[in-house]
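Numbered by the UniProt record's numbering, the letters in the sequence shown go through residues 1 to 818 in order. Idealized CB from N, CA, C, for every residue including glycine. Computed from a predicted model, the values in this text were never measured in an experiment. These notes are about the structure you will find just below.
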Amino acid sequence: MLVVKTIEDQLELERTMVQRGADNYERNLKQAEEHGRASETSYARRLIKEFMQPLIDELREFIDNPKPGRRARVRPLLSQCEPEKAVYLAMQALFNSFTFECALASLAVRIGRMIEDEVRFTRFEEMHGDYYRTILEDFKRKGTRDYRYKQRVLTHKAQEYADQWEAWTPTARAEIGMKLIDLILTNTDLIEKRSYRQHGKTKVQVVPTEEATAWINQHNEFSKFLWPEKMPCVIPPDEWTGLDQGGYYTPELRQSTPMIKTTGKRHRDALADADLSSTMQALNRVQSTAWSVNTEILSIVKEVWRRNLRIGMPQKDPLVVPPSPFKDRNKDTLNDDEEQKLTDWKHEAAEIYTREKERVGKSFQVSRIIRLANEFAVHGEFWYVWYADFRGRFYTATAGFSPQGPDLAKGILRFSKGKPLGDGGWYWLRVHGANRFGYDKVSYDERVAWIDEHQKELLACANDPLSHRDLWANADKPWQFLAFLFEYRDCIALQSLGLDASEFVSHLPIGLDGSCNGLQNFSAALRDSTGGRATNLVPSDAPSDIYRQVADVCTRKLHELLDDPDKAGDAQLWLDFCAKHGDGKVPRSLAKRPVMTLPYGATRQSCTKYIFDGILDHDREHFRGNFKAACWLTPIMWASIGEVVVAARDAMDWLQKCSSAVSKTNSPLIWDTPDGFRIFQGSRVLNIVQIETQLAGRFRLNVGNFTDKIDSRKQRNSVAPNFVHSMDAAHLRDTVRRAFDEGISAISVIHDDYGTYAADTGKLHRIIREAFVSLYEDNTPLADFKSAHESADIHLPPLPKTGDLDINEVLNSRYFFG
């Protein structure tokens, strides 16, 4: 029996959210302090920033103005280290020892040794820069943070290269450390000396002062409540009526979850006279959708996780990097082929280290999703708080366990209230199943036919998922596909009783995805018929596949290069790769990520990385040097993208030129979308001292915080992705408003992915197209952007040329979203 929740239940839940956040904060704090990493805590970083500058000034005065006196003899050694680095190392050592009973002499020696390491390894870098940076890259790939491990490795490598370092004496280290401790004692109220007797001897410790201890305790007591674990609500969220009015109900949660995630006071001031009523309406409508846990899916999820079956979730065991192929060989003894193999091994090792970090993060995510699913299954139904980022894109306040989460979370979640399939719902339910399996490059009718043809296998999977897991486990979205299978099974069972499929009550969100939506928006803005055809802005019998088109252009270019004597060999090697892994064509997967990320600021460098990743996924043995092969193909792939994606690059270049012109007047970029949402992009130069030590990491010391000067480089790099995101967000908001106006009562949205009941999918499919046409037929977003920034002081370049695309064709394009 479903128990109706009250406002008191919600307030109690929000208190739980705050307490869980506080518990997480205290757990992380304790872990950092117990492992000697207290310098990484928020209180330490705050205090380091507070006292760094005066300590740097005092140390510089000591070094630059030689005077006789106590500790004067350490000046020659100390002058070899930059004052900023020496002070930071001392403060780091100090805070890392705060929670231990640290003897003064021991701390002094530790500080002295860290400064010696800094001097020694800075010299090593100057003498053998390339080799040194290779070692640092290795640390980075492995995620190595342990100071002592890095110190041992670098010491060993320096000795291998006969760096002839003359070690500082223990006395010199201790005196250097004492000089830094003296500065901290004299110029701050952080620490004090405390004497005690032990075994008949007087010992001296360094301990935090009462004032420092009180401040740290107060800081932690305040900070731990700033990071609540945001969960769904057990009653509908409060409707948004202002920037800080809506969503959660308690002040603690509202403080950390405003309606729009702003970037500071200037941003909030810019929003003061913006008409955000349409945005609030769309947010409130999305928030009104009630959700529940699909307990049948949840039970399978828990069993798969327990048995480590790795279906749509990471393996539990750590990933292991294979040993170096030349572990016991000096690099100087390797021939060219062996050096290439070593280079490939390093790149592959880096990839494994990256994937291991991702595995750990995803494992925590899976555990949290299962925990929250267990908790909220008890509540029956629940709702999500939604907010907008500075571009107007919608997000759930709850991360991971949400309709915007990974496939696992989407499979576990369903609409709380079901709806009969009605006319057309059975068709769209089957289209959805094919889509989630990955059979989505053909017509809708062919997708439905594929489901019908495989009914026997699909029902076997649904009736015993773990015994028949080969099919659904290899789906593109396995957990959403399994959720489809369960509804498909139940609908077939209902029909076997003589009832019509239209009577089946479905709870699944049926997804409709855009076709490389960033390029869809740029193609529409400039009426680009080439890009429009490639991204399904015009009607066709089957969906266009822009990734396949780019890959085909790349294949053609490879064949053309066979006539170039200088490039024929490499071209043939790539064509042999294509023969093995792409039926003679460049594999679609090699083109997908470079094309997909282009509207959002992708570069040639990122293109190389994506191609390299693709090679590793397909065949690690084909090329003599995998990374070298990726670098060779990059300009060809980049040119291929340029043939298919023309207008998008024109629009991006134009926006960047506009940004540069506006930045010259030291002004931010501010523009409104057609429904009134205001975007503020005003990155300013941060006046910082960047302290980058050899072993102790990087630290940014704010000096005067942000300046009033606009950061033209950041502005230029950000404007194109921010503009296209603001347009897809405007499209989404209008779609949501229109959908509810036409009676759709439940919706799921992820930027360019919309979902509703199967019964309403046909209607939503039409509304998505109508809203998009309205966005570009009734408005001129690029011209509006120009008029918003052009003035007597700012002259912007002419708008890019427009093509001959008829935007109304979108109304008849069935594969625009699907």
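Beta-carbon proximity list for residue i, same chain, < 7 Å, skipping 5 on both sides
i: L526; result: A647, D650, A651, P800, T802 and G803
i: R678; result: A270, L271, A274, I670 and D672
i: F376; result: P232, V293 and F382
i: V553; result: S640, E643 and V644
i: N717; result: G601
Under the three-state DSSP convention, the category residue i falls into
i: F816; result: coil
i: F326; result: coil
i: P237; result: coil
i: W638; result: helix
i: L701; result: With a pLDDT of 49 at L701, under the threshold of 50, the modelled position of this residue cannot be trusted; read the value that follows with caution. Three-state result, L701: strand.
i: A788; result: helix
i: F225; result: coil
i: S106; result: helix
i: H580; result: A small fix is needed here, since residue 580 is Lys in this sequence, not His. It is helical.
i: K585; result: coil
i: W345; result: helix
i: G569; result: helix
i: F522; result: helix
i: E621; result: coil
i: D528; result: coil
i: R307; result: coil
i: P54; result: helix
i: D708; result: strand
i: L11; result: helix
i: S79; result: coil
i: I191; result: strand
i: Q287; result: helix
i: R678; result: strand
i: T165; result: For clarity, residue 165 is Trp in the given sequence; the question names Thr instead. If DSSP states are grouped into helix, strand and coil, W165 belongs with coil.
i: I492; result: helix
i: S506; result: strand
Selected residue, minimal CA-CA separation from residue i, among the options
i: A493; options: A473, Q455 and G511; result: Q455
i: I435; options: L459, A483 and G418; result: One point to set straight first is that residue 435 is Asn, not Ile, in the sequence displayed. Nearest C-alpha to N435: A483.
i: W479; options: K592, M313, K179 and G642; result: M313
i: I122; options: T99, A158 and F98; result: As written in the sequence, residue 122 is Thr, which differs from the Ile given in the question. Checked all of T99, A158 and F98; the closest Cα to T122 is A158.
i: Y547; options: R620, T535, P170 and P539; result: T535
i: Y147; options: H35, D336 and A729; result: H35
i: A373; options: A399, R359 and K357; result: A399
i: V538; options: L183, E61, I807 and A86; result: I807
i: G405; options: H379, K417 and I369; result: I369
i: Q656; options: Q681, D23 and Y132; result: Q681
i: R391; options: R713, K302 and T263; result: T263
i: W227; options: V234, G584, D445 and T257; result: T257
i: F627; options: T608, M637, T555 and I300; result: T608
i: W574; options: K327, G614 and P76; result: G614
i: I181; options: A771, D117, E790 and L104; result: L104
i: N463; options: E446, W450 and E487; result: E487
Residues bridged to residue i [DSSP beta-bridge criterion]
i: Y754; result: L512 and V749
i: R414; result: S292
i: T202; result: R197
i: D672; result: R678
i: L686; result: F706
Residues near residue i by beta carbon distance below 6 Å, same chain, minus five either side
i: V304; result: I311
i: N666; result: I710
i: Q245; result: none
Close Cβ partners of residue i (< 8 Å) along its chain, the five nearest in sequence each way excluded
i: W345; result: P322, S324 and P325
i: M127; result: Y161 and D163
i: T707; result: R684, V685, L686 and N687
i: N96; result: G36, R37, A38 and S39
i: S813; result: N536, L537, V538, P539, S540 and R769
i: C461; result: H468, R469, L471, W472, L482 and L485
i: N521; result: P599, V724, M727, D728 and H731
Exercise. At a cut of 8 Å, does the segment 85-92 reach the segment 110-121 through at least three beta carbon pairs?
Worked result: yes
For this session: Pair every Cβ in the segment 345-358 with every Cβ in the segment 126-144, then say whether three or more of these pairs are closer than 8 Å.
Result: yes
Exercise. How do the segment 408-418 and the segment 291-302 stand: do at least 3 beta-carbon pairs fall below 8 Å, yes or no?
Worked result: yes
Problem set entry | Stretch pair the segment 514-521 + the segment 588-598: three plus CB contacts closer than 8 Å | yes
Problem set entry | Segment contact flag, the segment 193-210 with the segment 157-177, C-beta cutoff 8 Å, min 3 pairs | no
Problem set entry | Segment contact flag, the segment 759-767 with the segment 739-747, C-beta cutoff 8 Å, min 3 pairs | The segment 759-767, when compared against the segment 739-747, does touch it at the 8 Å Cβ threshold.
For this session: Say whether the segment 431-448 touches the segment 712-731, bearing in mind that this needs 3 or more beta-carbon pairs closer than 8 Å, one atom from each stretch.
Result: no
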